[in-house]
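Below: the structure, in structure tokens.
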Amino acid sequence: MVNTSSLLAGLVAVSAAEAHYIFSILTHNGKQVGTDYTYIRKNTNTYMPSYTSEVVNSPDLRCNKGATNAASQTYTVKAGDTVGAKIWNRETIEHPGPAFVYMSKAPGSVSSYDGSGDWFKVWESGPTCGGGPGTDTAWCTWQDTEMSFKIPANIPSGEWLVRFEHIAIHEGHVGKAQFYMECAQLKIEGGSTGGTGSPAVKIPGVYKSTDPGIAFNKWNNPTSYTMPGGPIATFGGSGAGAVSNVAVPGGNVTTPETPAPVVEEPAEDAAGSVALWKQCGGSGYTGPTACAEGSCKGIGGWFSICMP
Ligand SMILES: [Cu+2]
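Here the sequence shown is numbered in my numbering, starting from 190 and rising by one per residue.
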């Protein structure tokens with residue numbers, strides 16, 4: 190006799206995050222701190238992506254839809270420390286695309302800050318890991334479980350909103366780049382006592398739907414990719430010298446490869462039927478609902494998968 194509840198829990202773990210991901214867990218100098226959403230604002234989008242047309246001009250671009258600070262705590266670190274965001278449920282970044290960290294200093298307590306001030310890009314990762322930008326493995330965050338970066342040593346001390354973002358570009362050619370972003374609340378000590386960063390951007394405002402790195406077609410043998418969001422900021426406070434935290438320039442990438450003939454996510458965007466163990470329904474789900482095998486059954490009340 191199979192234990193039904195543990196079987197279902199296993200199915201949820203396998204299926205729910207099959208193709209999507211949430212940066213829900215903070216890491217500090219390589220170690221996990223807290224658990225899901227302890228220091229990262231929870232949003233109402235769960236693991237679903239936000240598409241270009243929904244968020245690029247919306248305040249939801251800051252920390253995702255319905256993000257609330259209600260349960261989030263603020264974690265204290267030092268300037269120069271390494272901080273990261275790990276993905277919920279041991280899943281990975283399962284789409285190709287660029288990753289970013291942007292930071293915005295709260296005027297007071299970050300727990301009551303809405304992110305409407307200046308933002309600074311402090312880290313990015315692009316398609317520089319081998320092959321052209323049409324190749325999934327060229328993207329350095331491909332199948333990573335976490336993204337992490339070093340806080341600039343001379344960033345002003347204070348409370349900051351730290352925004353981790355991955356943009357999946359496999360459907361950019363039809364205007365459906367997928368935005369995955371979460372905001373951590375950090376108190377930074379030991380940084381500079383004055384100055385600010387440059388350049389500053391606003392969110393929304395930092396991206397346009399027509400940006401070449403967002404309306405990107407990975408399927409036509411592209412040879413170059415332009416990182417969205419402008420250059421990495423430098424900080425000019427009265428601390429250590431200006432720190433450049435550039436991980437990846439958005440320049441030309443050569444060695445194009447033949448694009449794959451099919452998209453990886455038939456269950457998400459095809460008109461056909463849903464494969465076994467794939468999502469076929471649930472809260473906010475708009476994809477196909479007919480199972481190729483088995484039948485569509487609800488789990489936990491908020492999504493359904495095809496089960497034999
Ligand atoms: Cu996905």
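Just so you know, even glycine gets a beta-carbon here, dropped at the ideal spot from N, CA and C. Since the model is a prediction, treat every value here as computed from it, not as a measurement.
Measuring CB atoms only, is the stretch 394-409 touching the stretch 377-384, in the sense that at least three cross pairs come out at less than 8 Å? The stretch 394-409 is not in contact with the stretch 377-384.
How should S314 be labelled, buried or exposed, when 16 other C-beta atoms within 10 angstroms of its C-beta is the threshold for buried? Result: buried.
When the Cα atoms are used, what is the spatial distance from G430 to V266? The predicted model places G430 with a pLDDT of 38, which falls under 50 and marks its position as unreliable; any figure quoted below should be read in that light. Roughly 20 Å between the two C-alpha positions.
Starting from S337, trace the beta strand (DSSP E) in both directions and tell me its first and last residue. That run of the beta strand (DSSP E) goes E335 to K339.
Residues of its chain near N234, where Cβ-Cβ distance is below 6 Å and the 5 sequence neighbours each way are ignored: The answer, listed in chain order, is N253 and K254.
Candidates P248, G320, N343 and P388: which alpha carbon is nearest P420's? The residue with the shortest Cα to Cα distance from P420 is P388.
Residues surrounding ligand 1 [beta-carbon distance to nearest heavy atom under 5 Å]: Here the residues come out as A208 and H209.
What distance in whole Å lies between the Cβ atoms of M336 and G273, which are believed to be in contact at a cut-off of 8 Å? Correct: roughly 6 Å between the Cβ atoms.
Give me whichever residues DSSP pairs with C485 in a beta bridge. DSSP, once it has assigned bridges, lists C495 as partnering C485.
Assigned exposure category for G470 - 16 Cβ within 10 Å defines buried: Buried, because 16 or more other Cβ atoms sit within 10 Å of the Cβ of G470.
Within its chain, find whatever has a CB closer than 7 Å to the CB of E457; leave out the 5 residues flanking it on each side and keep chain order. Confidence at E457 is low in this model, with a pLDDT of 39, below 50, so its placement is unreliable and no value can be given for it.
Nearest candidate by alpha-carbon position, reference Y236, set L465, G347, H355 and A288: Relative to the Cα of Y236, the nearest Cα in the group L465, G347, H355 and A288 belongs to H355.
Nearest by alpha-carbon distance to A259: which of P411, A404, K231 and S298 is it? Among P411, A404, K231 and S298, the Cα nearest to that of A259 is on K231.
Which residues in the same chain as V299 place their Cβ atom closer than 6 Å to its Cβ, once the five residues preceding and following it in sequence are excluded? T263, E348, L350 and Q374.
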